[in-house]
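Structure first, then comments.
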Amino acid sequence: QEAFQWLRKEAPEVMLDPTAVDKEKLKQWIWKAVATRNLLPHDADRLAQRLFDQLTGAGVLSPLFNDPGITEIMVVDTQVYIERQGRIVPAFTLASSHDAIRLAEQLCHHCHVEYQTTNPLINLTCPENGARINIVHHVLSPTGVAVTIRKRNEEISLQLADLIQSQAVSEEAAILITEAARSPLNL
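Written out as structure tokens, the structure is:
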């Protein structure tokens with residue numbers, strides 16, 4: 018919290034929209050803030066990573082975002098679930114409902130959308146990886162904020178040849194898709 022406050026005071030232009038700042042410049046500011054805390058190297062590294070994750074994207078969900086085996090992340094108020102290999106399991110619990118709301122705000126901010134009651138059902142696309150993010154505002158949901166993040170399963174190849182081999186697409190359909198994509202027509 019103190020490092021965050023230091024950044025707000027010393028680098029207000031960075032805090033205005035951290036996603037618009039060059040990542041290396043942002044990391045330099047973060048390390049300046051972390052240096053004010055006099056932490057052990059390991060703790061300083063962890064704090065710097067937490068601040069970077071909070072300022073640039075998914076915050077506490079970043080490790081889940083970066084795990085290629087996780088295909089979906091779900092937040093229901095304070096409970097966080099993941100889907101891995103078709104199974105939904107609890108991942109961890111947020112400290113409070115306020116943390117869940119702050120997470121929803123952070124995801125919206127990262128995708129340049131405002132978290133507000135006038136738009137209680139929010140559909141976003143993560144700019145880095147194309148993940149689909151759906152958020153139900155906490156005033157609309159009886160259980161608190163609800164977030165689903167559908168990631169692309171990076172362990173599954175979606176090349177046309179693979180889809181033909183797995184019989185998800187016929188060869189005829191693959192030819193039609195290829196020709197349509199190459200044509201100058203609007204599809």
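First residue of the sequence shown: 18, per our numbering; consecutive thereafter. Cβ atoms here follow ideal geometry from the backbone N, Cα and C, with glycine treated the same way. This structure is a prediction, so every number in the text was calculated from the model and none was measured.
Report task. Determine the contact status of F21 and L68, defining contact as a CB-CB distance below 8 Å. Result -> Locating residue 21 in the sequence shown gives position 4, where the first residue counts as 1. Locating residue 68 in the sequence shown gives position 51, where the first residue counts as 1. Against a cut-off of 8 Å, the Cβ pair of L68 and F21 comes out as a contact.
Report task. Within the same chain, show all residues whose beta-carbon is closer than 6 Å to that of H126, passing over the 5 residues directly before and after it, in chain order. Result -> As a position in the sequence shown, residue 126 is number 109, starting the count at 1. Excluding sequence neighbours, H126 sits near nothing in its chain.
Query raised in the report: Buried or exposed: where does L157 fall if 16 or more other Cβ atoms within 10 Å of its Cβ makes it buried?
Result: Locating residue 157 in the sequence shown gives position 140, where the first residue counts as 1. With fewer than 16 other Cβ atoms within 10 Å, it is exposed.
**Report entry** Where R167 falls: helix, strand or coil (DSSP)
**Finding:** Counting from one through the sequence shown, the residue named residue 167 turns up at place 150. Three-state DSSP puts R167 in a strand.
Query raised in the report: In three-state terms, what does DSSP make of A112?
Result: Here residue 112 corresponds to residue number 95 of the sequence shown, with the count starting at 1. A112 falls in the coil class under three-state DSSP.
Report task. Evaluate contact between the segment 151-168 and the segment 86-105, counting only Cβ atoms and requiring at least three cross-stretch pairs below 8 Å. Result -> Counting Cβ pairs under 8 Å, three or more are found: they touch.
Query raised in the report: Which residues in the same chain have their Cβ closer than 6 Å to the Cβ of R25, if we skip the five residues on either side of it in sequence?
Result: Counting from 1 along the sequence shown, the entry for residue 25 is found at position 8. The residues are M32.
Query raised in the report: Considering only the beta carbon of each residue, do P137 and H115 sit closer than 8 Å?
Result: Here the question's residue 137 lines up with position 120 in the sequence shown. Here the question's residue 115 lines up with position 98 in the sequence shown. No; because the gap between Cβ atoms is not below 8 Å, this pair is not in contact.
Report task. Reducing DSSP to helix, strand and coil, say where Q96 ends up. Result -> The sequence position of residue 96 within the sequence shown is 79, counting from 1. Q96 sits in a strand when the DSSP states are folded into three classes.
Requested in this report: May I have the straight-line CA-CA distance separating I105 from V97, to the nearest angstrom?
Outcome: Numbered from 1 along the sequence shown, position 88 holds the residue referred to as residue 105. Numbered from 1 along the sequence shown, position 80 holds the residue referred to as residue 97. The alpha-carbon atoms of I105 and V97 are separated by roughly 10 Å.
Query raised in the report: Could you give the C-beta distance for Q123 and Q176, rounded to a whole number, given that I count them as a contact under 8 Å?
Result: In the sequence shown, residue 123 corresponds to position 106, counting from 1. In the sequence shown, residue 176 corresponds to position 159, counting from 1. The Cβ separation is near 34 Å, so there is no contact.
Query raised in the report: In three-state DSSP terms, what is V38?
Result: Looking up residue 38 in the sequence shown gives position 21. Three-state DSSP puts V38 in coil, outside helix and strand.
Query raised in the report: Quick one: what's got a C-beta closer than 7 Å to V130's C-beta in the same chain, skipping five residues either side?
Result: Residue 130 sits at position 113 when you count from the first residue of the sequence shown. Once the five neighbours on either side are set aside, the close Cβ partners of V130 are I139 and L141.
Requested in this report: Provide the residue(s) that pair with T151 in DSSP beta bridges, ordered along the chain.
Outcome: Counting from one through the sequence shown, the residue named residue 151 turns up at place 134. Contrary to the premise, residue 151 reads as Asn rather than Thr in this sequence. N140 and T165, per the DSSP bridge assignment.
Requested in this report: Ignore the nearest five residues each way along the sequence and tell me which others in G147's own chain have a CB closer than 7 Å to its CB.
Outcome: Residue 147 sits at position 130 when you count from the first residue of the sequence shown. Excluding positions up to five away in sequence, the list reads R169.
Query raised in the report: Relative to the C-alpha of A37, which residue among R54, C128 and P107 is closest?
Result: Position 20 of the sequence shown, counted from the start, is the residue given in the question as residue 37. Of the candidates R54, C128 and P107, the one whose C-alpha sits nearest the C-alpha of A37 is C128.
Query - Same chain only: Cβ atoms within 7 Å of W46, ignoring 5 sequence neighbours per side - result: Mapped onto the sequence shown, residue 46 falls at position 29. Answer for W46: L24, A28 and V31, listed in chain order.
Requested in this report: Drop a sphere of 10 angstroms on the beta-carbon of G76, count the other beta-carbons inside from all chains shown, and report buried for 16 or more, exposed for fewer.
Outcome: In the sequence shown, the residue the question calls residue 76 occupies position 59. Buried: at least 16 other Cβ atoms inside 10 Å.
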